[in-house]
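A short worksheet on the structure shown next.
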Amino acid sequence: GAGVSQSPSNKVTEKGKDVELRCDPISGHTALYWYRQRLGQGLEFLIYFQGNSAPDKSGLPSDRFSAERTGESVSTLTIQRTQQEDSAVYLCASSLKAAATGELFFGEGSRLTVL
Amino acid sequence: AQSVTQLDSQVPVFEEAPVELRCNYSSSVSVYLFWYVQYPNQGLQLLLKYLSGSTLVESINGFEAEFNKSQTSFHLRKPSVHISDTAEYFCAVIPGGYNKLIFGAGTRLAVHP
Numbered sequence: 067g068a069g070v071s072q073s074p075s076n077k078v079t080e081k082g083k084d085v086e087l088r089c090d091p092i093s094g095h096t097a098l099y100w101y102r103q104r105l106g107q108g109l110e111f112l113i114y115f116q117g118n119s120a121p122d123k124s125g126l127p128s129d130r131f132s133a134e135r136t137g138e139s140v141s142t143l144t145i146q147r148t149q150q151e152d153s154a155v156y157l158c159a160s161s162l163k164a165a166a167t168g169e170l171f172f173g174e175g176s177r178l179t180v181l
Numbered sequence: 038a039q040s041v042t043q044l045d046s047q048v049p050v051f052e053e054a055p056v057e058l059r060c061n062y063s064s065s066v067s068v069y070l071f072w073y074v075q076y077p078n079q080g081l082q083l084l085l086k087y088l089s090g091s092t093l094v095e096s097i098n099g100f101e102a103e104f105n106k107s108q109t110s111f112h113l114r115k116p117s118v119h120i121s122d123t124a125e126y127f128c129a130v131i132p133g134g135y136n137k138l139i140f141g142a143g144t145r146l147a148v149h150p
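Protein sequence lines, in the order shown, are assigned to chains A and B.
Here the first sequence stands for residues 67 to 181, numbered as in the working numbering.
Here the second sequence stands for residues 38 to 150, numbered as in the working numbering.
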């Protein structure tokens, strides 16, 4: 597609369940980012991929969070044993190269609600 | 640690009035600066950016921002707003040597008729 695509757009889950969020970046974009946006708050950096490797995963809040990227394309963010504080919009962005001078293109996000 | 402070969480303004959305950052190294906008029910999109050169940068829809190194600020301004400018605006920085954007908490601009 022309833009960054994320799925699901909405996910409601019960506390303790695992969830997977998917991101399809713009074709040819080597850099991919995951951010989290809690209600009323700014964007919180989670992880950055360059190609299939993650040189910066400093923002992952706990070992319940993991992410991978394959084929320098699709990325999956997995949250294990979800907690209520995980409720947020999870945003994915991609850029042609690393973000340093370029523009990030954002998807519309996956809204996660943990009951 | 690098951080971005957006001093106003909400800014209500009447149509055709001027507006300024404030942004300050903390960084001891050179930075690149950005404003992103999120219109209702849409994803974030880049509004304007400062990388180098002229400290005043402009967007295609009339917004401008000025990089002030001494005050570590990058305030966003528009001389006359429209209803369609209603959105959330995020200031962001990339500190030198980093490859990620650090965002402020956002300012919700509400333009009233």
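The C-beta atom is built at its ideal place from N, Cα and C for all residues, glycine as well.
The DSSP-derived three-state label of B/ILE97 is coil. Separation of the CB atoms of A/LEU181 and A/ASP152 is rounded to 11 Å, and the pair is thereby denied contact status at 8 Å. DSSP places A/LEU181 in no beta strand (DSSP E); its state is neither H nor E. Of the candidates A/GLU169, A/THR96, A/VAL155, A/PRO127, A/THR96 places its Cα closest to the Cα of A/SER141.
Sequence-ordered contacts of the segment 130-141 of chain B with chain A read ILE131, GLY133, GLY134, TYR135, ASN136, LYS137, LEU138, ILE139, PHE140, GLY141 [C-beta pairs closer than 9 Å]. In the three-state DSSP reduction, A/ASP152 falls in the helix class (H, G or I). The segment 141-150 of chain B makes no contact with the segment 96-104 of chain B; the number of CB pairs closer than 8 Å stays below 3.
For a Cβ distance threshold of 9 Å, residue set LYS137, LEU138, ILE139, PHE140 of chain B lies close to A/PHE111, ordered along the chain. The beta carbon of A/ARG88 sits closer than 6 Å to those of SER73, THR142, all from its chain and outside the five residues before and after it, given in chain order.
In the structure shown, B/ILE131 falls within a strand segment according to DSSP collapsed to helix, strand and coil.
A distance below 7 Å between beta-carbons, with the five flanking residues on each side excluded, links B/HIS119 to the following residues of its chain, in chain order: GLU52, VAL148.
DSSP, reduced to helix, strand and coil, places A/ILE113 within a strand of the structure shown. Taking a beta-carbon distance threshold of 8 Å, B/LEU85 does not count as an interface residue toward chain A. What B/GLN108 touches in chain A, judged by beta-carbon distance under 8 Å, is nothing: the nearest beta carbon there is about 21 Å away. Two segments are said to touch when three or more pairs of C-beta atoms, one from each, lie closer than 8 Å; by this definition the segment 38-45 of chain B does not touch the segment 169-178 of chain A. In terms of beta-carbon proximity, B/GLY99 stays away from the interface with chain A, with every pair separated by 8 Å or more.
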